[in-house]
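These notes concern the structure reproduced below.
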Amino acid sequence: MLHFLASPLPSPANGRPLPKIVLLIRSNVSAKSRGSVERAPTISSPHSRRAKLFGDGMLVVVALIDIKAVGWSLIEIDLCTIGSHTPLEQDVPRLSSFKMKLADILTAALLPLASTVSAADVNAWKSRNIYFALTDRIARSADDTGGDACGNLGNYCGGTFAGLQSKLDYIRGMGFDAIWITPVVANHAGGYHGYWAQDLYSINENYGTADDLKSLVSAAHEKGMYVMADVVANHMGSPISDNKPEPLNSDSAYHSDCTIDYSSQSSIETCRIASDLPDVNTESSEIRELFNTWIKWLVTEYEFDGLRIDTVKHVEKDFWSGFTAAAGVYTIGEVWDGGPEYLAGYANSMDGLLNYAIYYPMNRFYQQSGSAQDIVDMHDQISSLFPDPSALGTFLDNHDNARWLSTKNDQTLLKNALAYVILARGIPIVYYGTEQGYAGGNDPANREDLWRSSFSTDADLYQAISRLSAARSAVGGLADDDHVHLYVADTAYAWSRAGGDLIVLTTNAGSGSGAEHCFNSQKAGGSWTDVFGDGTYSADENGQVCVTISNGNPAVLVADS
Numbered sequence: 000m001l002h003f004l005a006s007p008l009p010s011p012a013n014g015r016p017l018p019k020i021v022l023l024i025r026s027n028v029s030a031k032s033r034g035s036v037e038r039a040p041t042i043s044s045p046h047s048r049r050a051k052l053f054g055d056g057m058l059v060v061v062a063l064i065d066i067k068a069v070g071w072s073l074i075e076i077d078l079c080t081i082g083s084h085t086p087l088e089q090d091v092p093r094l095s096s097f098k099m100k101l102a103d104i105l106t107a108a109l110l111p112l113a114s115t116v117s118a119a120d121v122n123a124w125k126s127r128n129i130y131f132a133l134t135d136r137i138a139r140s141a142d143d144t145g146g147d148a149c150g151n152l153g154n155y156c157g158g159t160f161a162g163l164q165s166k167l168d169y170i171r172g173m174g175f176d177a178i179w180i181t182p183v184v185a186n187h188a189g190g191y192h193g194y195w196a197q198d199l200y201s202i203n204e205n206y207g208t209a210d211d212l213k214s215l216v217s218a219a220h221e222k223g224m225y226v227m228a229d230v231v232a233n234h235m236g237s238p239i240s241d242n243k244p245e246p247l248n249s250d251s252a253y254h255s256d257c258t259i260d261y262s263s264q265s266s267i268e269t270c271r272i273a274s275d276l277p278d279v280n281t282e283s284s285e286i287r288e289l290f291n292t293w294i295k296w297l298v299t300e301y302e303f304d305g306l307r308i309d310t311v312k313h314v315e316k317d318f319w320s321g322f323t324a325a326a327g328v329y330t331i332g333e334v335w336d337g338g339p340e341y342l343a344g345y346a347n348s349m350d351g352l353l354n355y356a357i358y359y360p361m362n363r364f365y366q367q368s369g370s371a372q373d374i375v376d377m378h379d380q381i382s383s384l385f386p387d388p389s390a391l392g393t394f395l396d397n398h399d400n401a402r403w404l405s406t407k408n409d410q411t412l413l414k415n416a417l418a419y420v421i422l423a424r425g426i427p428i429v430y431y432g433t434e435q436g437y438a439g440g441n442d443p444a445n446r447e448d449l450w451r452s453s454f455s456t457d458a459d460l461y462q463a464i465s466r467l468s469a470a471r472s473a474v475g476g477l478a479d480d481d482h483v484h485l486y487v488a489d490t491a492y493a494w495s496r497a498g499g500d501l502i503v504l505t506t507n508a509g510s511g512s513g514a515e516h517c518f519n520s521q522k523a524g525g526s527w528t529d530v531f532g533d534g535t536y537s538a539d540e541n542g543q544v545c546v547t548i549s550n551g552n553p554a555v556l557v558a559d560s
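Residues 0 to 560 in numbering that gives the first Met the number 0 are what the sequence shown spells out, letter by letter.
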């Protein structure tokens, strides 16, 4: 029996029913011994009419639905009724038993109490965990169970909104509670990725219909997941005459054709990023009004919870204030530059930015070509330059950058890098296919279809991501700027979060390596359990703790109480 001590829940001001709460329960039963969970547990509460249990590996995810009452004192979940393809009765005693304040997981698990759009601000996003999905590459239909690899990664491969919707449980099973999807608008021929817009008010029919997109967003919301849409204001596709709405079909809506001189900010903002991508004249008041009206409509029509904004540095900064205000949701921008000062120049343009400043030293260390001190130094520099570093997005790779494993083909090293992405300061963003060990190089090789993996939930990296996400949720979602450096060595870096309730020790020593690292936890008498193994650790009266690295894996310590 697992017990959850629950604080009274507030009633939403707008009268809507309280949304789903997702409880992550760590199990000591392996995926192989447990099989696929099929039946729901028994929940002894008069206010919980339905429950759904799903998950794989170390995680059991229990979704409590229709939670409307206040004043709960205890939720009891009886796991003895869980079934599987393999009889589970003999494994039930091995399940971890613990008590947890419900308030400790509300930040990461609750959907907005008001309408989705109005509540999805920067604070709501900072505890989220984002899975970046290239819509054309996830799944081809609602019943896609896998198949042959796409033969031409430079064109459409067949992924659809319905296919992506069918894989939400696969994504949620890794602990992700938000998805970022590539642009949804109608594109010029060959625009499988969505960045060659043709008609802002039409949906890319290769992905499905407008209703299919609405169904995807609705299904995600029902599972406690936010949906972030990718959008572009810098450029449109060509020919210009086919673009919509007016006047985007007129040459006057664009800057003159020129090649970017990257030593000139003016050139960066007014010239084309590619010869066939006309650069929109965003200085025009008419064009600004057009884009502001469109983005407000897009967010409202499809109930998006956030926006990822493409090519931010290629548009003048004063464009973005009106655009993001019209959107009314969390916005995170792509400024592809590793210079922290340059990146910080856009900190007031939108809520967050992709953290290219930490991307480079982070990857160098975990790929064995840089130092942990470089991560610490960059982290501290970012702290001094940005008003809210915790709103920045941390990532290892994406559709523009070669996959991590194409540079360093060691999945154990990758686990350490993922521990940083998911558990260090910032909003985690994990690129689809990482969980399957994809190792494609530069575009389009890094845009593999996911169905070639048969959507395996037994993959080692899938399981590793699940455990890291569970640790993030277990300590409240890690929304705060509370990252404390604890230990820096030639091959190791450790930090703490949540007042020391989470300690992470990472290494770049690689597969097969082992070592003991001793450092001050800054939590005298603390005790923790490693989610990557069976180890438990205790600090002495001075806070000193010694942690063992096994087979090069990170140590992720969650406080026992």
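Think of the CB as a built atom: it goes at the ideal place given N, C-alpha and C, for glycine as much as any other residue.
Predicted, not measured: the structure shown is a model, and the values here were computed from it.
Contact between the stretch 486 to 498 and the stretch 434 to 454 is absent: fewer than 3 CB-CB pairs across the two stretches fall below 8 angstroms. Using a Cβ-Cβ distance cut-off of 8 angstroms, the stretch 231 to 247 and the stretch 203 to 221 are not in contact, since fewer than three pairs of beta carbons, one from each stretch, lie closer than that value. Annotation for G162: I137, A138, R139, S140, A141 and D143 place their beta carbon closer than 8 angstroms to its own, counting only its chain and skipping 5 residues before and after. In this structure, Y130 lies away from F160, with their beta-carbon atoms at least 8 angstroms apart. With contact defined as three or more Cβ pairs closer than 8 angstroms, the stretch 471 to 481 and the stretch 495 to 504 are in contact. DSSP, read as helix, strand or coil, puts E515 in strand. Scanning its chain for C-beta atoms nearer than 8 angstroms, with the 5 sequence neighbours on each side dropped, one finds around N280 the residues S251, A252, Y253, H254 and I286, in chain order.
Here D399 is exposed: its Cβ has fewer than 16 other Cβ atoms, across all protein chains shown, within 10 Å. Contact annotation, G193 with T181: C-beta distance approximately 4 angstroms; criterion of less than 8 angstroms satisfied. Annotation: the continuous beta strand (DSSP E) that includes D529 extends over S526 to D529. When the beta-carbon positions are compared, L352 and L412 stay at least 8 angstroms from each other. When rounded, the separation of the alpha-carbon atoms in Y191 and D275 is 15 angstroms. Taking a C-beta distance under 8 angstroms as the contact criterion, G542 and Q521 qualify as a contact pair. With a cutoff of 8 angstroms on beta-carbon distance, V230 and L306 are scored as near each other. Between the stretch 298 to 312 and the stretch 339 to 353, the count of C-beta pairs closer than 8 angstroms reaches three or more; the two stretches touch. DSSP places M173 outside any alpha helix (DSSP H), giving it a letter other than H or E. Leaving aside the five residues that flank H484 on each side, the residues in its chain whose CB is nearer than 7 angstroms to its CB run, in chain order, V375 and W494.
The beta-carbon separation of W403 and A423, rounded to 16 angstroms, does not stay under the 8 angstroms limit for a contact. Apart from sequence neighbours up to five positions away, the residues of its chain that approach D373 with a beta-carbon distance below 8 angstroms are P360, R363 and F364, ordered along the chain. Relative to the Cα of N550, the nearest Cα in the group S526, A119, S510 and N122 belongs to S510. Counting along the chain, V503 sits inside the beta strand (DSSP E) bounded by residues L501 to T506. Taking a C-beta distance under 8 angstroms as the contact criterion, V298 and E268 do not qualify as a contact pair. Annotated three-state conformation of M349 is coil, per DSSP. Annotation: the continuous beta strand (DSSP E) that includes D229 extends over Y225 to V230. Secondary structure remark: continuous alpha helix (DSSP H) runs of at least 4 residues inside the stretch 300 to 379, in chain order: 319 to 326, 339 to 343 and 355 to 365. Comparing alpha carbon positions, the residue from I502, S512, D260 and T528 closest to N519 is I502. Taken through DSSP and simplified to helix, strand or coil, I272 comes out as coil. Listed in chain order, the beta strand (DSSP E) runs fully inside the stretch 194 to 252 are 196 to 202 and 225 to 230, counting runs of at least 3 residues. The stretch 430 to 493 contains, as complete alpha helix (DSSP H) runs of 4+ residues, the segments 459 to 473 (chain order).
The alpha-carbon separation between H516 and L467 amounts to approximately 20 angstroms. Rounded to the nearest angstrom, the gap between the Cα atoms of R451 and S389 is 35 angstroms. About 5 angstroms separates the CB atoms of A326 and I294; that is less than 8 angstroms, so the two are in contact. Within the DSSP bridge table, the entry for L556 names I502 and D529 as partners. Between N122 and the set Y345, D387, V429 and Q410, the nearest pair of CA atoms involves D387. Close CB contacts of A177 within its chain, under the 8 angstroms cut and outside five residues either way in sequence, are with W124, R127, N128, I129, Y130, M224, Y225, V226, M227, D304 and G305 (chain order).
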